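Quick note: the sequence shown uses the working numbering, first residue 23, plus one each step.
Beta carbons: idealized from backbone N, C-alpha and C, even for Gly.
Computed from a predicted model, the values in this text were never measured in an experiment.
Before any comments, here is the structure.
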Amino acid sequence: MAKRLEKESTELIRQGIGFRSYDPSYFFTNLEEPKLELLEKASVNSKLRAERLAQSAENKITGIVSASQGIFQITKPTSTETSSWGDV
23 MAKRLEKEST ELIRQGIGFR SYDPSYFFTN LEEPKLELLE KASVNSKLRA
73 ERLAQSAENK ITGIVSASQG IFQITKPTST ETSSWGDV
């Protein structure tokens, strides 16, 4: 379909017809499972970082004092865009 659109839009431009295109929009409807997997990986990573930090100070970690998820955003690859309410 993308190839067809590319060909047809090129033809419209050749005919002098104005043509405007926009970035595609994607909607992901089943976010919970991948989100949980990413949070699990982040938790494992944070424990490793805490252990390294404690080890360098000759201490040990004993458990979680507090935890927060923070912002979870899906953006374009290599994007640095952020939004406090999820609209990118």
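- Of Ala79, Ser68, Gln77 and Pro56, the smallest CA-CA separation from serine 90 is found for Ser68.
- In the three-state reduction of the DSSP assignment, leucine 75 falls in the helix class, which pools H, G and I.
- A distance below 8 Å separates the beta carbons of glutamate 73 and isoleucine 83.
- For alanine 24, the uninterrupted alpha helix (DSSP H) run begins and ends at 24-36, by DSSP.
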